[in-house]
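Asks:
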Amino acid sequence: MAKVAKLKEFKPGRGYTQADWDAVNFPEMTDQELENARPARDVLPPAFFEAIDEYRKSRGRPALDKPKKQVTLRLDEDVLERFREGGRGWQSRINDALRKAAGI
Numbered sequence: 121m122a123k124v125a126k127l128k129e130f131k132p133g134r135g136y137t138q139a140d141w142d143a144v145n146f147p148e149m150t151d152q153e154l155e156n157a158r159p160a161r162d163v164l165p166p167a168f169f170e171a172i173d174e175y176r177k178s179r180g181r182p183a184l185d186k187p188k189k190q191v192t193l194r195l196d197e198d199v200l201e202r203f204r205e206g207g208r209g210w211q212s213r214i215n216d217a218l219r220k221a222a223g224i
């Protein structure tokens with residue numbers, strides 16, 4: 121793990137102001153405080169972690185009923201160039217052409 125340099129004095133241009141710097145009053149923890157520290161699961165209620173898990177599940181795209189499968193496919197260069205001429209969405213155009221050819 122890389123060691124992070126701790127700033128001992130304010131330096132502008134780091135996303136905070138001198139007032140922000142001055143407002144922080146949090147000394148480093150002592151060895152005794154570190155020894156007395158307990159894991160969050162020992163201190164916080166189980167409902168907290170259940171809520172975190174629910175939040176994580178709700179993020180991102182919804183799951184698809186039939187997700188697409190990633191495959192490796194070798195195509196002639198001129199065929200690939202023709203589909204790419206249309207710009208973005210060329211992979212979807214290939215998928216649509218294959219569906220049509222397969223009669224799906």
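Counting along the sequence shown from 1, when you hit position 43 you're at 163 in the numbering used here, and nothing is skipped either side. Even for Gly, the Cβ is constructed at its ideal location relative to N, Cα and C.
1) Please state whether DSSP places Leu184 in a helix, a strand or coil.
2) Is Arg134 a contact residue of the ligand HEM, with contact defined as CB to any heavy atom under 7 Å?
3) Grab the span of the alpha helix (DSSP H) containing Arg66 for me, first residue to last.
4) I'd like to check one pair, Arg219 with Phe203: are the Cβ atoms closer than 8 Å?
Replies: Per the coordinate set shown:
1) coil
2) Although the ligand HEM was asked about, the structure shown includes no ligands whatsoever.
3) One cannot answer for residue 66 here, as it falls past the ends of the chain, which runs 121 to 224.
4) no
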